[in-house]
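Below is one structure, written out as structure tokens; comments come after it.
Numbering (this note's numbering), first residue to last: 13 to 706.
Structure below.
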């Protein structure tokens, strides 16, 4: 094992098998480093302990990563003489990387050695090979329609390849109870078996043009596609949040964190704080715990977490504090985040001074929502193309809903192109809406008083779309007296103790209590998705109730690997009789050891918060122009350079609109940014090509 692995790689994981990969050498600012061939450069640098990639020319601010998804420009480097985003460039032997320091003088380089532009006609062009795009491609491919499926990553799956947890939803309709990484593999295999689907990976869709064509940049050259139908399933980008210190390296989106940890197996953090208690933030915290990182806490501005209750409860059970009605005030640090200050908020979401708490951290994850990536669809409709949306590009929801919407859109397009006579059934439309459910009514929580035999206890009490436990029970003893997917599951009958419901539950919210061997010390079986190396048989562990409060201790008697649910462990605990029915989980970190506060830090004025990360324009600069009567955001761009950066305004546009709203300016008075002609910066050589197609 190299020193870099000892410091920056995840060498064992409870769910993911670390890849081998050929090791290659590269240089960063003249220093020789080692990485895995084919991994993106930003991950290779993180694995070598490099989190600061350069410094901004305007004020010398340190630059790192933010989105790790090709949407922003924080990770830009000079790569073999060319300025590029390091999060989307794969590592090759001998690459020379240099920081962007100030405004560097670029070397003269040859145009890209790519093929001359080609024109392709197809029945359907699908932009985005995530859950929605893949599901749509399968539906269309089965009809024999010619499909081009394009994605900017090096593999199919989109965000599915980041999801190590089991999915909610319906088993029959969207693989509920299966991990996202496994769903990506299943859909990839289905696509590979359909001859009419062409897959274009590492393909950047640049623009939709007025002649109803789509320009795509591939590693081998530029392509122009003429589709009869355009399906945009490009997913979503993370929302940015404006607060002092938000530009420090170590402050980045939850999706970027999942990319580093779950896709690239990079150990990028030790002490993490999460802003946002929706499903994205809660799941990112869970993924951090699985990778043996410490979650110091989660702050959520609402009175309760906006994510599923079972997600929040699961996080609490493992020893993570959740601070509801709290927001971030500032991130502190020199060239990297070192601490975060949070504070309580009132009913108008204003910070209550005097309630501040500061925590030492090295990573701050921002998980405050998503915005659809729908630019291509809007431009296609403007030019009169046949175009539809699917997945998060249409409406932000869970991946299970995205898959189902992709199936529906695929069938609708097939009918429109006379390739299928099958109609979209009414129950499909109903299921599509159900799967988008953000979490419904919370029912009173009760546990049985039973003290004999063996039986499962279902600890979920919120209406969410989920049915794996009902589907997997071999005797059909788990059912609902309400909606077949949204209704709360209930157990009734004589259990055989097969444990299938325990191991399949996505929320880890089912336990099995067995009194058959002892009335004094019954056995409680709980699911566990962490490394078996952190526990040992015979160990005394702290057990918790549904909300994470400690109930006492139990003795671990067996660690079982059940068939059918890979990488889920079952812990068999010998427990005191009086707490058996209330046990839901095992604590893995002690909250009392997380609260060491940092030394006093001053809280900066909010006007110092960076709004435009590319050009480092502050909220104060923007407010000054708005208060002086400016209402045209294009004029604001010319005066401040906000929105002028390499990301094309993707991260700052929504924040500027928010500041306008805070200033009391009606939306109708604001002239929005003119959309940039190309989605991503591209060297001009791609549009001509140096090779001739044979």
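Heads up, the beta-carbon is just placed ideally off N, CA and C, and yes, glycines get one too.
Contact between the stretch 426 to 434 and the stretch 162 to 179 is absent, with fewer than three C-beta pairs closer than 8 angstroms.
Taken in chain order, no unbroken stretch of alpha helix (DSSP H) lies wholly in the stretch 118 to 145 with a span of 4 residues or more. In the structure shown, the three-state DSSP call for residue 637 is helix.
Residue 136 and residue 421 have their C-alpha atoms spaced approximately 11 angstroms apart. Taking all protein chains in view, the Cβ of residue 545 is surrounded by fewer than 16 other Cβ atoms within 10 Å, so the residue is classified as exposed.
A distance below 9 angstroms separates the beta carbons of residue 592 and residue 536. Counting only runs of 3+ residues, the beta strand (DSSP E) found wholly inside the stretch 40 to 99 occupies 43 to 48, 88 to 91 and 94 to 97, in chain order. Contiguous alpha helix (DSSP H) elements confined to the stretch 418 to 484 occur at 438 to 447 and 480 to 484, taking only those with 4 or more residues.
In the structure shown, the three-state DSSP call for residue 191 is strand. In the three-state reduction of the DSSP assignment, residue 308 falls in the strand class, which pools E and B. Contact annotation: residue 264 and residue 377 have beta-carbon atoms nearer than 9 angstroms.
Secondary structure in the stretch 512 to 544: the beta strand (DSSP E) runs of 3 residues or longer, each lying completely within the stretch, are 522 to 526 and 535 to 540 in chain order. When C-alpha distances from residue 374 are compared across 90, 162, 348 and 574, the shortest belongs to 348. Under DSSP, residue 178 takes part in a beta bridge, and its partners are 191. The three-state reading of DSSP puts residue 21 in strand, counting E and B together.
Assignment of residue 644 by DSSP, reduced to helix, strand and coil, places it in the strand class. When the five nearest sequence neighbours on each side are left out, the beta carbons in the same chain lying within less than 7 angstroms of the beta carbon of residue 26 are those of 302, 541, 542, 543 and 579, in order along the chain. Under the three-state reduction of DSSP output, residue 302 falls in the helix class.
For residue 320, the three-state secondary structure derived from DSSP is coil. Cα atoms of residue 452 and residue 181: separation of roughly 14 angstroms, rounded to the nearest angstrom. For residue 356, the enclosing beta strand (DSSP E) stretches over residues 349 to 356.
Residue 605 and residue 363 have their C-alpha atoms roughly 26 angstroms apart.
For residue 267, the uninterrupted alpha helix (DSSP H) segment begins and ends at 266 to 270.
Per DSSP, the continuous alpha helix (DSSP H) segment holding residue 391 begins and ends at 387 to 394. Note on geometry: alpha-carbon atoms of residue 359 and residue 339 lie some 12 angstroms from one another. Under the DSSP assignment, residue 584 falls in the beta strand (DSSP E) whose first and last residues are 581 to 586. For residue 668 and residue 624, the gap between their C-alpha atoms comes out near 9 angstroms. At a Cβ-Cβ threshold of 9 angstroms, residue 650 and residue 414 do not count as neighbours.
A contact between stretches requires three or more CB pairs, one per stretch, nearer than 8 angstroms, and the stretch 207 to 221 meets this requirement with the stretch 681 to 697.
When rounded, the separation of the alpha-carbon atoms in residue 444 and residue 152 is 18 angstroms. Under the three-state reduction of DSSP, residue 102 is assigned to strand. Straight-line measurement puts the Cα of residue 500 at about 11 angstroms from the Cα of residue 456. When DSSP states are grouped into helix, strand and coil, residue 658 belongs to the coil group. Here the stretch 341 to 357 does not lie against the stretch 265 to 276, with fewer than 3 beta-carbon pairs under 8 angstroms apart. Look at residue 33 here: in three-state DSSP terms it is coil, with no helix or strand label. For a cut-off of 8 angstroms, the C-beta gap from residue 53 to residue 98 is around 4 angstroms, short enough to register as a contact.
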